[in-house]
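Asker: My questions will all concern the structure given below.
In the working numbering, the protein residues as written are 5 to 330.
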């Protein structure tokens, strides 16, 4: 679904389906910019930042028209932890507080509101669930990524779960030194490290470069067919946009893009081909692969939950017994 996000003069961010109310043309192309009005490129119907229809080309010739009910279709939106969250269903009654379950308060530690954008990459991949499994799986790190960053990584993982979300980190020897110290004295690397998995398809991972942390924000979407997915990788950091840091960021972005595309997704595409054969009726997730187990446990629960019952599901959670290492 094409989405248009606009922050009005009142400072409020609003989200709309990027679609003219006249004949359905897309109002704006993908990108970032500044505009007080959004004019349809097809017939010049014009909307303000609040989504109201404020102009109709040759309206006198068009005929009777109640412009008050022909604004853009609004989508539920929330601003939390310096990020904008949009639900792609105009009629959704999702309770964002129930959905986040306090996870947004944890994400505040990352200070996303103060970050600059350093680049975006778009990657094609296999089925979105196969693609996303890799973002919550540390078991494969020293094997699949043996020629990149794998030798420095442990296959073991710790899971901190909040609602349907989870933060995945590797065990660190220096954590023992924090025993007995209040969390207010813990270093930032402990509070913000690891992979922040946002259910159902988001992942945030930080990497240290040039004395700053740059975050890879991944959003994995279903593709045109069940065999395909599209991943948007955005790279953000609190670092200033100096020539030196931009050069370092571009080098890191190229490295991460190659790892995801040539290692993770290249393997995922092969998995896509093999599972379609049906040769194996069952695949196995070990108790050390709790990240993917947790995601799929929640997906299974969503599939049998009516829209009107989603808020109750997010408030109550899923059956912990379904996750072997929960």
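Glycine is no exception: its CB is placed at the ideal position from the N, C-alpha and C atoms.
1) Could you check whether the segment 111 to 124 touches the segment 240 to 258, counting it as contact only if at least three pairs of C-beta atoms, one from each stretch, sit closer than 8 Å?
2) Take residue 83 and list the residues in its own chain whose beta-carbon comes closer than 7 Å to its own, dropping the five residues that flank it on each side.
3) Name the residue from 235, 256, 292 whose alpha carbon lies nearest to the alpha carbon of residue 125.
4) Can you tell me which of the three DSSP states residue 3 falls into?
5) Please report how far the alpha carbon of residue 329 lies from the alpha carbon of residue 292, in whole angstroms.
6) At 4 residues or longer, what runs of the alpha helix (DSSP H) sit wholly inside the segment 266 to 328?
7) Which value, in whole angstroms, describes the spacing of the CA atoms of residue 370 and residue 87?
8) For residue 114, count neighbouring Cβ atoms within 10 angstroms of its own Cβ and tell me buried if that reaches 16, exposed if not.
9) Would residue 77 and residue 94 be called neighbours here (beta carbons separated by less than 8 Å)?
10) I need the DSSP call for residue 330, collapsed to helix, strand or coil.
11) In this structure, does DSSP put residue 52 in helix, strand or coil?
12) For residue 202, which residues in the same chain have their Cβ closer than 6 Å to its Cβ, ignoring the five residues on either side in sequence?
13) If you draw a straight line from the C-alpha of residue 42 to the C-alpha of residue 303, how long is it?
14) By how many angstroms is the C-alpha of residue 280 removed from the C-alpha of residue 79?
15) The alpha helix (DSSP H) with residue 225 in it runs from where to where?
16) Along the chain, where does the beta strand (DSSP E) that runs through residue 249 open and close?
17) Check whether the segment 47 to 54 and the segment 96 to 111 are in contact - that is, three or more C-beta pairs closer than 8 Å.
18) Taking residue 236 as part of the beta strand (DSSP E), name the residues at either end of that continuous run.
19) For residue 216, which of 185, 206, 204, 256 has the nearest alpha-carbon?
20) Please state whether DSSP places residue 72 in a helix, a strand or coil.
21) Between residue 127 and residue 265, how many whole angstroms is the CB-CB distance? I'm expecting something under 8 Å.
22) Name the DSSP beta bridge partners of residue 83, please?
23) Comparing alpha-carbon positions, which option in 284, 60, 13 lies nearest residue 46?
24) Quick check: what's the CA-CA separation for residue 164 versus residue 171?
25) Helix, strand or coil for residue 29? Go by DSSP, reduced to three states.
26) Return the Cβ separation of residue 272 and residue 138 in integer angstroms, given the expectation that the two are a contact with Cβ distance under 8 Å.
27) Could you tell me whether the Cβ atoms of residue 4 and residue 92 are closer together than 8 Å?
28) Taking 8 Å as the threshold (C-beta atoms), are residue 221 and residue 149 in contact?
29) Give me the DSSP bridge partner(s) of residue 212.
30) List the endpoints of the continuous alpha helix (DSSP H) containing residue 153.
31) Quick check on residue 132: does DSSP put it in helix, strand or coil?
Answerer: The relevant details are as follows:
1) yes
2) 17
3) 235
4) Lying outside 5 to 330, the shown extent of the chain, residue 3 is not represented and no answer is given.
5) The pLDDT assigned to residue 329 is 44, lower than 50, so where the model puts this residue is not dependable; a value taken from the coordinates is nonetheless given after this. Distance between the alpha carbons of residue 329 and residue 292: 7 Å.
6) 270 to 279, 294 to 307, 314 to 320
7) This structure leaves residue 370 out entirely; the chain is present only between 5 and 330.
8) buried
9) yes
10) The predicted model places residue 330 with a pLDDT of 38, which falls under 50 and marks its position as unreliable, so this point remains unresolved.
11) strand
12) 169
13) 37 Å
14) 36 Å
15) Note, residue 225: premise wrong, no alpha helix (DSSP H); beta strand (DSSP E) at 216 to 226.
16) From DSSP, residue 249 is part of no beta strand (DSSP E) but of the alpha helix (DSSP H) over 247 to 263.
17) no
18) 233 to 241
19) 256
20) helix
21) 5 Å
22) 88
23) 60
24) 5 Å
25) coil
26) 7 Å
27) Coverage of the chain is limited to positions 5 through 330, which leaves residue 4 absent and any answer about it impossible.
28) no
29) 217
30) Neither: residue 153 is in no alpha helix (DSSP H) and is coded neither H nor E.
31) helix
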